[in-house]
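Undergrad: Numbering (the working numbering), first residue to last: 4 to 344.
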């Protein structure tokens, strides 16, 4: 059809819109749980700038403590700063595939929530470093120099993930995406509860309480959609879900446990630097879980996810790092993964 061809002059009604496309719009609603989650998101929306920042005395921390705590927020930002565009891509997909109206709104609420989480990372980093980003900041301590190198490698790996994610989303159905998103939400609920309980600063306790509540809603969205769609999930999609769970473990371990060095492209001293920073942060009253606590939490999160997938006959991958047996998956590449935190 020529660009300037006037179809309205030759036919009574227009031809069908080629799909996928956001048009034509409709406002169907079949899944009541989605409306409940949307209403909760409206009630529980929060503003990171309005947290009790006046109770935080940054000057009471040493520079090593400040750099160690800022490093943890930098690590989190690799995942939470990618989450707004990740969910924005998924939000657009809900329109293109003509999802229910409350499902579209719920994905919008997740995008908004994740923007809050990203802002929280930026506010904490800026206050502790006196600088708006960890890459161009001039470290004040020897530990800070090593942590900045860690941060640069983390952001490099995050860039690889984003490039792969953009290619992956069009290939997969929303049903496959739900399982990957659910993995991140189950794991997030664990770590933010611990961070809330173990951090001494009021502003961080409030932030972790709010973030954890958000993640609980996101988990409810994924669960409701899985209950709707997974009884009819094709066998080929089940195989993709199994692979994505293994990919999600490898990707999210960087923030929830420790990054598997065979998957992440990191220098040999990365984990030693991170462990030293976590020890300093814990000593300063910032609630980073210990190695053993992280391992136990990650294992429990995986078992909870396995319980969900077992209901639908979806094989669970082997996660030998935390002692979980299952289907062996070996061909994971950063360009194929779609999980988000």
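No residue lacks a Cβ here, since even glycine has one placed at the ideal position from N, Cα and C.
For residue 292, is the classification buried or exposed, using 16 other Cβ atoms within 10 angstroms of its Cβ as the cut-off for buried?
TA: Buried, since its Cβ has 16 or more Cβ neighbours within 10 Å.
Undergrad: Do you know offhand how far residue 41's Cα is from residue 223's?
TA: For residue 41 and residue 223, the distance between alpha carbons rounds to 11 Å.
Undergrad: Given this structure, state the Cα-to-Cα distance separating residue 173 from residue 245, to the nearest angstrom.
TA: If I take the Cα positions, the gap works out to 19 Å.
Undergrad: Take residue 83 as the anchor and find which of 259, 300, 10 and 229 has the nearest alpha-carbon.
TA: Minimum Cα distance to residue 83 is reached at 259.
Undergrad: Work out the CA separation of residue 18 and residue 12 for me, nearest whole Å.
TA: Approximately 13 Å between the Cα atoms of the pair.
Undergrad: Do the stretch 137-150 and the stretch 161-173 make contact, defined as three or more Cβ pairs closer than 8 Å?
TA: Touching, no.
Undergrad: Apart from the five residues on each side of it in sequence, which residues of its chain come closer than 7 Å, Cβ to Cβ, to residue 344?
TA: With a pLDDT of 46 at residue 344, under the threshold of 50, the modelled position of that residue is not reliable, and no figure is offered here.
Undergrad: Spatial neighbours of residue 88 within its chain, please: C-beta separation below 8 Å, excluding the five flanking residues on both sides.
TA: Within the same chain, residue 88 has close Cβ partners 165.
Undergrad: Determine the closest residue to residue 49 out of 170, 238 and 116, with distance taken between C-alpha atoms.
TA: With distances taken between Cα atoms, residue 49 lies closest to 116.
Undergrad: Across the stretch 208-223 and the stretch 232-250, are there enough close Cβ pairs to call them in contact, namely three or more that are closer than 8 Å?
TA: The stretch 208-223, when compared against the stretch 232-250, does not touch it at the 8 Å Cβ threshold.
Undergrad: Quick one: which unbroken alpha helix (DSSP H) runs of 4-plus residues sit fully inside the stretch 208-260? Chain order, please.
TA: Fully enclosed alpha helix (DSSP H) runs of 4 or longer: 238-259.
Undergrad: On the DSSP letters alone, give me the boundaries of the alpha helix (DSSP H) that residue 297 sits inside.
TA: It spans 294-313 - the alpha helix (DSSP H) in which residue 297 sits, taken as one unbroken run.
Undergrad: Do you know how far the Cα of residue 290 is from the Cα of residue 323?
TA: Cα-Cα distance, rounded: 27 Å.
Undergrad: Within 8 Å, do at least three Cβ pairs link the stretch 276-283 to the stretch 300-311?
TA: No, the stretch 300-311 does not touch the stretch 276-283.
Undergrad: Going by DSSP, what residue range makes up the alpha helix (DSSP H) through residue 290?
TA: Element bounds for residue 290: n/a, residue is neither H nor E.
Undergrad: Within the same chain, show all residues whose beta-carbon is closer than 6 Å to that of residue 212, passing over the 5 residues directly before and after it, in chain order.
TA: Cβ within range, chain order: 199.
Undergrad: Tell me which residue opens and which closes the alpha helix (DSSP H) that residue 322 is part of.
TA: Careful: residue 322 lies outside any alpha helix (DSSP H) and carries neither H nor E.
Undergrad: Contact defined as beta carbons within less than 8 Å: I believe residue 238 pairs with residue 34. What is the distance between those atoms, to the nearest angstrom?
TA: Wrong, their Cβ atoms sit about 24 Å apart, outside the cutoff.
Undergrad: If you follow the alpha helix (DSSP H) that residue 80 is part of, which residue opens it and which one closes it?
TA: Run containing residue 80: 66-83, per the alpha helix (DSSP H) assignment.
Undergrad: Along the alpha helix (DSSP H) that carries residue 105, what are the first and last residues, could you check?
TA: Per DSSP, residue 105 belongs to the alpha helix (DSSP H) from 104-132.
Undergrad: Nearest to residue 249 by alpha carbon, out of 218, 240 and 320?
TA: Residue 249 has its Cα closest to that of 320, out of 218, 240 and 320.
Undergrad: Considering only C-alpha positions, which residue in the set 90, 37 and 310 is nearest to residue 114?
TA: Selected option, being the one with the closest Cα: 90.
Undergrad: Which partner residues of residue 330 appear in the DSSP bridge assignment?
TA: Residue 330 is bridged to 320.
Undergrad: Report the rounded CA-to-CA distance for residue 267 versus residue 7, giving the unit in angstroms.
TA: In a straight line, the C-alpha of residue 267 is about 50 Å away from that of residue 7.
Undergrad: Could you give the DSSP three-state label for residue 49: helix, strand or coil?
TA: Coil.
Undergrad: With 16 as the cutoff for other CB atoms within 10 Å, does residue 96 come out buried or exposed?
TA: Burial call: buried.
Undergrad: Would you kindly work out how many angstroms separate the C-alpha atoms of residue 194 and residue 99, rounded to a whole number?
TA: Spanning the two alpha carbons is a distance of roughly 34 Å.
Undergrad: Do residue 71 and residue 283 have their CB atoms nearer than 7 Å?
TA: Yes.
Undergrad: In the DSSP assignment, find the unbroken alpha helix (DSSP H) run with residue 136 in it and report its ends.
TA: Looking at the DSSP string, residue 136 is not in any alpha helix (DSSP H), and its letter there is neither H nor E.
Undergrad: Taking residue 65 as the reference, give the member of 210, 182, 286 and 189 with the closest Cα.
TA: The shortest C-alpha separation from residue 65 is found at 286.
Undergrad: Please return the same chain residues whose Cβ sits closer than 6 Å to the Cβ of residue 38, not counting the five positions on each side in sequence.
TA: The residues are 105.
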